[in-house]
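J.:
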Amino acid sequence: MKYLSIALLFCVVLSCGEKHHPKVLVFSKTAGYRHESIEAGKMALIDLGKKHGFEVDTTEDAGFFNEENLKRYQVVIFLSTTMDVLDVVQQNDFKRFIQAGGGFVGIHAAADTEYEWPWYGKLVGAYFKSHPKTQEASIRKVKDFGTNTTPETWTRTDEWYNYKNISDDINVILNLDETSYEGGENGSSHPIAWYHDYDGGRAFY
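Residue numbering for the sequence shown follows the numbering used here, starting at -18 and increasing by one per position.
If you want it as structure tokens, here you go:
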């Protein structure tokens, strides 16, 4: 979703911390299923940084999640992480990063991560429930967000997630039209992209 990716990253980066040469950490550790798209996602984010003036570090080392290191970044992106990727100490340091005003972007399987950590579930805004086969579906814009180029509706082929424990506090940007594909389980209000303020920071999925 090229329209959404640029909008989300810009709104997170430009609203968090210093405005000149902001720095982003892309974290893609997996402890469960690993999406083949992760490597392409890293390259796409690095290219976005080069084009739009923010630095991008990538890692799968959870040791990066210590308080001193996280101070170097304005935004942390979970790129299709899965299952339990941080230990308790790392969780606490990441929590302090958000509470100090840090930004979070979750991409795809970030919702399939840290099921036993309720704070993270509220940060990301929902947990993965299931998904049907990869297929074409229609996306409907709910509200403008950081860009006026997002169309009212468009169609693409992807692995569409169903969600559980969806927070009442999220601001939905895009909904899936469940009448346009098979296997949707969230009904007429099926969020696929959202944002919210959370525990002192900002979160986008």
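Backbone N, C-alpha and C define an ideal beta-carbon position, used for all residues, glycine too.
Here the structure is a predicted model, which means the values were calculated and not measured.
1) Rounded to whole angstroms, what's the CA-CA distance from Lys145 to Phe109? Just pull it up for me.
2) Got a sec, what are the start and stop residues for the beta strand (DSSP E) Lys110 sits in?
3) On the three-state DSSP scale, how would you describe His171?
4) Determine the direct distance from the alpha carbon of Ala107 to that of Trp98, and round the result to whole angstroms.
5) Reducing DSSP to helix, strand and coil, say where Tyr144 ends up.
6) Examine the Cβ distances between the segment 85 to 99 and the segment 115 to 126 and report whether three or more of them are shorter than 8 Å.
7) Decide if Asp28 is buried, meaning its Cβ has at least 16 other Cβ atoms within 10 Å, or exposed.
8) Tell me whether His16 sits in a helix, a strand or coil according to DSSP, three-state version.
9) May I ask you to verify whether the segment 63 to 76 touches the segment 19 to 37, counting CB pairs closer than 8 Å and requiring at least 3?
T.: Once the coordinates are examined:
1) Taking the straight line joining both Cα atoms gives about 6 Å.
2) 108 to 111
3) Three-state DSSP puts His171 in coil, outside helix and strand.
4) Answer to the nearest angstrom: the Cα atoms are 12 Å apart.
5) When secondary structure is reduced to three states using DSSP, Tyr144 falls in the strand class.
6) No contact exists between the segment 85 to 99 and the segment 115 to 126.
7) exposed
8) Looking at His16 - three-state DSSP - the assignment turns out to be coil, as it is neither helix nor strand.
9) Flag = no, the segment 63 to 76 and the segment 19 to 37 do not touch.
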